[in-house]
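**Student:** Below you'll find the structure I mean.
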Amino acid sequence: MQANGNQNPVYSEEEKQALSEKVDQVISNKELMVVFQPLVSLKDRSVFAYEALARNPSGVFANPPVMFDAAVAVGRCGELGRLVREIAVEGCTTHPIFLNIHPDEFEDGWLMQPDDPIFSNADRTFLEITESVPLKYSDICHSILREIRSHGIRLAVDDLGSGYSNLKYISDLQPEIVKLDRELISGLTKGTRLHRLVKSIVDLSVNMGAKVVAEGIETAEELHAVIDTGAHFGQGYALARPAFPPPEAIWPTFK
Ligand code: C2E
Ligand code: MG
Ligand code: MG
């Protein structure tokens, strides 16, 4: 089957061998970089933090989900994640940093290495756990998260509202941050049913003790509508594209 960033892609042995070589090329030659996208306060327009997003400049993999799927398939997801974190933490020293963690990274102990960059920067580190991939071995996962959080590292549930929604994540993981997926934000206009839905999800998240980031804001209109939902932070092309070095946010002008 073709790898396309979907849930649990299945590969033939030949495909696996080819993937293994590609993953090895990326990891061994460090053919990786990290770009940063600001999370912007919707109250005072300041940059609150930056999300680190992996890039493979040599083009071995088409996009980050495909690269991480390949690393999972060949058992090197933890190693890849660690490398990305090293580059990310070095590349953003001025603000809190949001790091995406693939659920498989909980399985192999990489996150728990005492010399992991997350521990030397614990008080400015947020880990994003996507809710679009189920957390397997949830007991192990929870105990790792407890240990990590005891160091002061905070959690964000990523992609809430994407295909495989699971609101229970918010009560299970008790994240400090909930990130609403672009599926909820795209085309958002005040006064619509979608707008009422997003507003309710923001209220629910706040009631559960989390602050809310709206992701994938592409237009001034979406930004306007997002502000009206009570979300705390915004992220998206309308404010800044992911870039290196960490870019400034530019507030769009409303017509
Ligand atoms: P994500 O964590 O939800 O990241 C947001 C994605 O939306 C990023 O895609 C970002 O470039 C894109 N984006 C930002 N603003 C906009 C916008 O206004 N409109 C649209 N259409 N898209 C926007 P990217 O960088 O291709 O990453 C895709 C996914 O790959 C990420 O989704 C994340 O799940 C995964 N990923 C990226 N970097 C890493 C990493 O270092 N580790 C892990 N485990 N996963 C990563
Ligand atoms: Mg993310
Ligand atoms: Mg997301």
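Read left to right, the sequence shown gives residues 2 to 256 (the working numbering).
Just so you know, even glycine gets a beta-carbon here, dropped at the ideal spot from N, CA and C.
#1: For the alpha helix (DSSP H) holding F69, just list the boundary residues, first then last.
#2: For R86, which option in F127, K191, P58, D140 has the closest C-alpha, if you only look at C-alpha atoms?
#3: Would you mind reading off the limits of the beta strand (DSSP E) that contains V11?
#4: Quick check: K212 and I186, are their CB atoms within less than 8 Å of each other?
#5: Do F120 and E52 have their CB atoms nearer than 8 Å?
#6: Can you tell me which of D45, A55, L198 puts its alpha carbon nearest to the alpha carbon of L33?
#7: Between I130, Q175, G79, A63, which has its C-alpha nearest D160's C-alpha?
#8: Roughly how many angstroms lie between the CA atoms of I28 and V73, to the nearest whole one?
#9: L240 and P39 - do their beta-carbons sit closer together than 8 Å?
#10: Please tell me whether, using a cut-off of 7 Å, the distance from the CB of E216 to the nearest non-hydrogen atom of ligand 3 is below it.
**Tutor:** This is what the structure gives:
#1: By one-based count along the sequence shown, residue 69 stands at place 68. F69 -> alpha helix (DSSP H) spans 65–74.
#2: Taking the sequence shown and counting its residues from 1, one reaches residue 86 at position 85. Per the Cα distances, F127.
#3: If you number the sequence shown from 1, residue 11 lands on position 10. Counting along the chain, V11 falls outside any beta strand (DSSP E), and DSSP gives it neither H nor E.
#4: In the sequence shown, the residue the question calls residue 212 occupies position 211. In the sequence shown, the residue the question calls residue 186 occupies position 185. No. Outside cutoff.
#5: Within the sequence shown, numbered from 1, the residue matching residue 120 stands at position 119. Within the sequence shown, numbered from 1, the residue matching residue 52 stands at position 51. No, Cβ-Cβ distance for F120 and E52 is not below 8 Å.
#6: The sequence position of residue 33 within the sequence shown is 32, counting from 1. That would be A55, whose Cα lies nearest to the Cα of L33.
#7: By 1-based counting over the sequence shown, the position of residue 160 is 159. Closest by alpha carbon: I130.
#8: Translated into positions along the sequence shown, residue 28 becomes position 27. Translated into positions along the sequence shown, residue 73 becomes position 72. Rounded to the nearest angstrom, the two C-alpha atoms are 13 Å apart.
#9: Position 38 of the sequence shown holds residue 39. Position 239 of the sequence shown holds residue 240. Going by C-beta atoms, P39 is nearer than 8 Å to L240.
#10: The sequence position of residue 216 within the sequence shown is 215, counting from 1. Indeed, a heavy atom of ligand 3 lies less than 7 Å from the Cβ.
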